[in-house]
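Residue numbers (the numbering used here): 2 to 240.
Structure representation (structure tokens):
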């Protein structure tokens, strides 16, 4: 099955992360703490924490920093309490947006999200206004040049729901969240290392925009991602 190009967006996002390594660490630390607080500090029985720790290692976070924040979250050390809050809204041309945040101050966070949206032509919506347009799933993306036949054979046998080849040759593997780790392990064992491996919210249908509106939409996404409390921004724009 063919899909829109994602590789350029991946490279753009990775470039921004490399520029802002400190912010990446902040976001990963918050994810580690929330995951550990909600599911315990044992990686063997907490898949969300395992994934957060993998992200931390990929961002070159020292092991003692990872352990210290798990200990804070599980009560072994004093730490800040973060709350997960999702905001829904609209971007340019009615593009759907979901903004996942982790915050210790809800009043500050909603004000910052609302300002980032309104400043660049978007607006905040109500709970449930756009969430139905996204599917909660595991997503693994492999670089262009990877063997599509091999990916399909390995991924589908391991329990993947779909394998999508994008127009630029990148291969996207979609899974049920519960099957994500098994599919990732199978790909790793077969020597295929995904460039992206995460539990995410994927738009059911992406919407094309004009070049001018794509640039405006990217400004909204960048403004939201620049906020300290924002963890992830999901949208249905084909950028």
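Glycine included, C-beta positions come from ideal geometry on N, C-alpha and C.
Closest in C-alpha terms to residue 178, from the list 113, 108, 140 and 196, comes 140.
Put simply, of 105, 149 and 100 the residue whose alpha carbon is nearest the alpha carbon of residue 126 is 100.
In this structure the stretch 183-191 touches the stretch 144-160; the number of beta carbon pairs closer than 8 Å is three or more. Cα atoms of residue 149 and residue 111: separation of roughly 42 Å, rounded to the nearest angstrom. For residue 84, the enclosing beta strand (DSSP E) stretches over residues 84-91. In this structure, the CA atom of residue 143 is about 24 Å from the CA atom of residue 26. At a Cβ-Cβ threshold of 8 Å, residue 37 and residue 86 do not count as neighbours.
With fewer than 16 other CB atoms across the displayed protein chains lying within 10 angstroms of its CB, residue 109 is exposed.
In the structure shown, residue 131 falls within a coil segment according to DSSP collapsed to helix, strand and coil. Straight-line spacing of the CA atoms in residue 181 and residue 55 works out to 14 Å. Ranked by Cα distance from residue 64, the options 214, 33, 227 and 173 are led by 33. DSSP places residue 116 within a helical segment (H, G or I) once states are collapsed to three.
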